[in-house]
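In terms of this note's numbering, the sequence shown has 367 at position 3, counting the first letter as 1, and numbering is strictly consecutive.
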Amino acid sequence: MITAYFDGGSRGNPGPAGWGAYIVNDDGTVVAELSGALGVATNNVAEYNGLIAALQWAADHDITALSVKGDSLLLVEQMRGNYKVKNEGLKPLYHRAKMLVMQIGNVSFAHVPREKNKDADRLSNVGMDANGA
């Protein structure tokens, strides 16, 4: 089973934003480190972009079972179907993530404490730094 950790953040909310995804295999070997800059965005938009990047990586690599972990309780619960997506700006990102989940097949979501998501957080800061923030 591949595990993907995701994160996103913005300096200002909204502000210069970035996302990160840290992907490991069963034995903990790092298989991908992804990051990106978003310009000005909210924390939640940045979080969704980290999630989408992780899901897209899995889909592109024909992964059929994926464990997704993040420190955003909102996103994890939205993806589990326990929270509604009320923000209009997040709906297209949510739908894109759901389509990728359907493409992959077997995807589980887990909320982890911030200290268990340090690598994805580090990568999201790389994305924020790329904005010059």
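Every residue, glycine too, gets a C-beta built ideally from N, C-alpha and C.
Are A474 and K433 close, meaning C-beta to C-beta below 8 Å?
The residue labelled residue 474 in the question sits at position 110 within the sequence shown. The residue labelled residue 433 in the question sits at position 69 within the sequence shown. Closer than 8 Å, so yes.
Rounded straight-line distance, which links the Cα of D390 to that of L402
Against the sequence shown, residue 402 aligns to sequence position 38. Against the sequence shown, residue 390 aligns to sequence position 26. So the alpha carbons of these two residues sit roughly 30 Å apart.
According to DSSP, is L402 part of a helix, a strand, or is it coil?
Indexing the sequence shown from 1 puts residue 402 at position 38. Three-state result, L402: strand.
Given this structure, state the Cα-to-Cα distance separating D371 from N377, to the nearest angstrom.
Your numbering for residue 371 matches position 7 in the sequence shown. Your numbering for residue 377 matches position 13 in the sequence shown. Taking the straight line from one Cα to the other gives about 14 Å.
Mapping the DSSP letters down to three states, classify Y447 as helix, strand or coil.
Sequence index remark: in the sequence shown, residue 447 carries index 83 (1-based). Note: Y447 maps to coil in three-state DSSP.
Identify the residues that DSSP records as bridge partners of N470: which are they?
Within the sequence shown, the letter at position 106 stands for residue 470. Note: N470 sits in a beta bridge opposite A429.
What distance in whole Å lies between the Cβ atoms of A385 and L487, which are believed to be in contact at a cut-off of 8 Å?
Translated into the one-based positions of the sequence shown, residue 487 becomes position 123. Translated into the one-based positions of the sequence shown, residue 385 becomes position 21. The Cβ separation is near 7 Å, so the contact holds.
Out of I366, G400 and Y369, state which residue places its alpha-carbon closest to the alpha-carbon of D493.
By 1-based counting over the sequence shown, the position of residue 493 is 129. That would be G400, whose Cα lies nearest to the Cα of D493.
Status (buried if at least 16 other CB within 10 Å, exposed otherwise) for D466
Residue mapping note: residue 466 aligns to position 102 of the sequence shown, counting from 1. The sequence shown places Met at residue 466, rather than the Asp named in the question. Per the 10 Å Cβ criterion, exposed.
Measure the CB-CB distance between I416 and L457 and report whether it falls below 8 Å.
As a working note, residue 416 is residue 52 in the sequence shown. As a working note, residue 457 is residue 93 in the sequence shown. Taking 8 Å as the Cβ cut-off, I416 and L457 qualify as a contacting pair.
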